[in-house]
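Enquirer:
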Amino acid sequence: MTGRHDVATPTAQPDPSVSPGGSVSSCQVCSLKAGHPGVVLDDQGVCNLCNLDFADDLLVNYRYTSEVFTEFQQAPPATGEYDCLFMYSGGKDSTYMLDKFVNEYGKRVLAFTFDVPFESVHAAKNITLAREKIPATFVLDADDDNIKLMMREVFNRPAPKKPGTYLDEKLPCVSCRTFFVLRAILMAYRQKIPYIALCADPQQILTMESNVREIVRGFYKTFGERLTDTLFAGQLEELLFDDDENLPKIVFPFIAMRHEYDPDRIVEELRAKGLYESSPLETHCTLFPLLNYYSFANFDCMFYKLNAASHVRSVKRNASYDRNTFSIKFPRSLDLADVEDRLGKVVKEIAAGEGDRDEHERSLVDIFQRMDASEDAARFVARSFLEMRSVAADLGIRLS
């Protein structure tokens with residue numbers, strides 16, 4: 029018991045960035061763990077992303093994508109039927125830009141949607157709204173068997189080597205996206221459409237390949253010649269050897285508004301036009317829980333860890349920071365370490381068939397509400413996590 033004039037000594041709280049052995053286990057700035065793919069901490073406990081070690085590579089990519097978009101803006105109408113093939117997913121970013129391309133820029137657009145067998149019902153509803161209100165030509169492409177074959181191969185691979193390279197924790201998502209980007213490239217190539225519009229958010233732009241040949245080469249490197257030729261019936265090889273002028277160029281429209289990108293404003297504008305009836309979390313595909321399972325099982329991180337860490341990094345550098353560079357907006361008060369720990373525990377229990385379903389749902393709803401989702405959106409996403417085992421079984425994905 030302390031006396032009247034005694035001062036109680038507060039109990040020291042452990043630093044979450046320091047491991048029990050005393051070594052720094054996560055970045056002092058953005059909280060990325062030392063074992064995160066592609067992340068290296070320096071002697072001060074600051075990661076290479078915070079130190080901008082990738083700055084030169086990112087700058088080269090930024091310059092190229094900026095130049096291509098400027099070229100696209102200044103290009104006269106194409107000689108064919110369409111000025112561009114527009115990759116339309118039904119999400120807020122692609123809906124927003126499709127409306128601009130057609131109704132503001134006056135572009136002749138072929139709106140290309142790949143019918144992903146695990147698409148969100150909310151994204152599908154947004155596509156229906158766009159077809160009713162935007163005067164573009166819409167085309168629906170599909171290849172259920174091959175995209176499922178590819179996703180089984182990705183998820184059922186042996187555990188990847190550690191520590192891994194940048195974006196390894198997102199390999200299933202990147203592979204799926206690349207699959208239908210290549211389908212779009214082949215369609216544009218066959219129809220002689222000169223440009224392909226891809227609505228990556230400003231952060232994604234800096235980490236996505238924009239050269240058609242390099243996208244093809246990267247896919248061959250990831251999946252090997254045999255599987256790649258099976259998935260695309262041997263058609264990709266032609267893209268590697270044709271002349272540059274015959275290949276479509278990929279355009280990232282959000283490069284022009286990278287400093288004003290605001291997901292809340294985009295959603296507000298779309299709702300006012302009757303073009304959007306959901307939230308960003310609700311338009312995630314039904315594989316979102318499995319994407320988190322993959323990242324937790326292989327790299328002990330949640331799927332959105334890079335995005336959340338980027339937000340933490342920006343706020344710490346500028347307390348008045350109020351600009352977003354990625355689609356999911358994180359609240360300033362988010363306790364990233366707590367959310368990640370809780371989400372990882374629930375995901376692993378569901379994958380193993382353990383724990384109480386009702387308790388899992390309550391925990392997941394709370395987690396997603398902390399990430400700024402409404403109660404309805406949080407519950408919708410939570411229930412998709414509860415169905416993770418059945419989705420995996422349907423696709424032939426093993427949950428170890």
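Residue numbers 29 to 428, in the working numbering, belong to the letters of the sequence shown in order.
Heads up, the beta-carbon is just placed ideally off N, CA and C, and yes, glycines get one too.
Would DSSP call D43 helix, strand or coil?
Expert: A caution first: D43 carries a pLDDT of 45, below 50, which makes its placement in the model too unreliable to give a value.
Enquirer: Throw me the rounded Cβ distance for the A158 and L126 pair, which I believe falls under 8 Å.
Expert: Yes, A158 and L126 are in contact; Cβ-Cβ is about 6 Å, under 8 Å.
Enquirer: With a threshold of 16 other CB atoms inside 10 Å of the CB of S361, please say whether the residue is buried or exposed.
Expert: Per the 10 Å Cβ criterion, exposed.
Enquirer: Quick one: give me the first and last residue of the beta strand (DSSP E) that S223 is part of.
Expert: Position check: residue 223 holds Tyr in this sequence, whereas Ser was assumed. That run of the beta strand (DSSP E) goes 223 to 225.
Enquirer: Can you list, in chain order, the residues of its chain whose CB lies under 8 Å from that of Q72, leaving out five sequence neighbours each side?
Expert: So the qualifying residues of the chain are Q56.
Enquirer: Measuring only the C-alpha atoms, how far is G66 from Y217?
Expert: Approximately 34 Å, taken between the alpha carbons.
Enquirer: Looking only at its chain, what residues have a beta carbon closer than 7 Å to the beta carbon of T93, apart from the 5 residues adjacent to it on each side?
Expert: Contacts found: I233, S238, F280, I283.
Enquirer: Rounded to a whole number of angstroms, what is the C-alpha to C-alpha distance between E99 and I278?
Expert: The straight-line gap from Cα to Cα measures roughly 11 Å.
Enquirer: Skipping 5 residues on each side, what residues in its chain have a beta carbon closer than 6 Å to that of A228?
Expert: Within the same chain, A228 has close Cβ partners M236, F280.
Enquirer: Could you pull out every residue in the same chain whose Cβ sits closer than 6 Å to the Cβ of A379, ignoring the five residues on either side in sequence?
Expert: Closer than 6 Å at the Cβ level, and outside the excluded window around A379, lie Y321, L427.
Enquirer: Relative to the C-alpha of L113, which candidate in I213, H287, E95 has its C-alpha closest?
Expert: If we check each option's Cα against that of L113, I213 comes out closest.
Enquirer: Helix, strand or coil for T277 per DSSP?
Expert: Before going further, note that residue 277 is Lys rather than Thr in the sequence given. It is a strand residue.
Enquirer: I'd like the list of long-range same chain contacts for P191, defined as Cβ closer than 7 Å, with 5 residues on each side in sequence excluded.
Expert: Within the same chain, P191 has close Cβ partners G63, P65.
Enquirer: In chain order, what residues of the same chain lie with their CB nearer than 6 Å to the CB of K198, ignoring the 5 residues before and after it?
Expert: Contacts found: none.
Enquirer: Nearest to T132 by CA position, among Q101, T258, F413, D290, is which residue?
Expert: According to the sequence shown, residue 132 is Glu rather than Thr. Among Q101, T258, F413, D290, the Cα nearest to that of E132 is on Q101.
Enquirer: Tell me the rounded alpha-carbon separation between F251 and T206.
Expert: Cα-Cα distance, rounded: 12 Å.
Enquirer: Using the Cβ count rule (16 or more neighbours within 10 Å means buried), how would you classify N154?
Expert: It is buried - the Cβ of N154 has at least 16 other Cβ atoms within 10 Å.
Enquirer: Tell me the residue span of the alpha helix (DSSP H) that contains A216.
Expert: Counting along the chain, the alpha helix (DSSP H) containing A216 begins and ends at 199 to 218.
Enquirer: Report buried or exposed for V367, applying the criterion of at least 16 other Cβ atoms within 10 angstroms of its Cβ.
Expert: Buried.
Enquirer: Note down the Cα distance separating K220 from R180, rounded to an integer number of angstroms.
Expert: Using only the alpha carbons, I get a separation of about 33 Å.
Enquirer: Rounded to a whole number of angstroms, what is the C-alpha to C-alpha distance between A261 and F140?
Expert: Looking at the two C-alpha atoms, the distance is approximately 20 Å.
Enquirer: Indicate the three-state DSSP secondary structure (helix, strand or coil) for A139 in the structure shown.
Expert: Residue state, collapsed to three classes: strand.
Enquirer: Between P317 and G424, what straight-line distance do the alpha-carbon atoms span, to the nearest angstrom?
Expert: Each residue's Cα considered, the two are about 15 Å apart.
Enquirer: Taking all protein chains shown into account, decide if N274 is buried (16 or more other Cβ within 10 angstroms of its Cβ) or exposed.
Expert: Burial call: exposed.
Enquirer: Taking DSSP's pairing of strands, which residues face L166 in a bridge?
Expert: Correcting the residue identity first, residue 166 is Phe in this sequence and not Leu. The partner list for F166 (beta bridge, DSSP) reads A139.
Enquirer: Using CA coordinates, which residue listed in A187, F358, F146 is at the minimum distance from R395?
Expert: Here the sequence assigns Ile to residue 395, which means Arg is not the residue at that position. I395 has its Cα closest to that of F358, out of A187, F358, F146.
Enquirer: Would you mind stating whether M330 and L392 have Cβ atoms separated by less than 8 Å?
Expert: In this structure, L392 does not lie closer than 8 Å to M330 by Cβ.
Enquirer: Along the chain, where does the beta strand (DSSP E) that runs through F327 open and close?
Expert: Not the beta strand (DSSP E): F327 falls in the alpha helix (DSSP H), residues 316 to 327.
Enquirer: Excluding the 5 residues preceding and the 5 following V10 in the sequence, name in chain order all residues of the same chain whose CB lies nearer than 7 Å to its CB.
Expert: Examination of residue 10 is not possible in this model, given that the chain is present from 29 through 428 alone.
Enquirer: Cβ of M330 within 7 Å of any heavy atom in the ligand NAP?
Expert: Looking at this structure, you won't find the ligand NAP or any other ligand, since it has none at all.
Enquirer: Taking just the CA atoms, how far does L364 sit from Q397?
Expert: Spanning the two alpha carbons is a distance of roughly 13 Å.
Enquirer: From which residue to which residue does the alpha helix (DSSP H) around F251 run?
Expert: Taken as a continuous stretch (DSSP letters only), the alpha helix (DSSP H) holding F251 covers 240 to 259.
Enquirer: Can you look up K61 in the DSSP assignment and give me helix, strand or coil?
Expert: Note: K61 maps to strand in three-state DSSP.
Enquirer: Assign D422 to one of two classes, buried (16 or more other C-beta atoms within 10 Å of its C-beta) or exposed (fewer than that).
Expert: So D422 counts as exposed.
Enquirer: Based on Cα-Cα distance, which residue from R254, L138, L226, E265 lies nearest to R241?
Expert: Here the closest residue by C-alpha is E265.
Enquirer: The alpha helix (DSSP H) spanning M115 covers which residue range?
Expert: First-last for M115: 112 to 115, but that is the beta strand (DSSP E), not the alpha helix (DSSP H).
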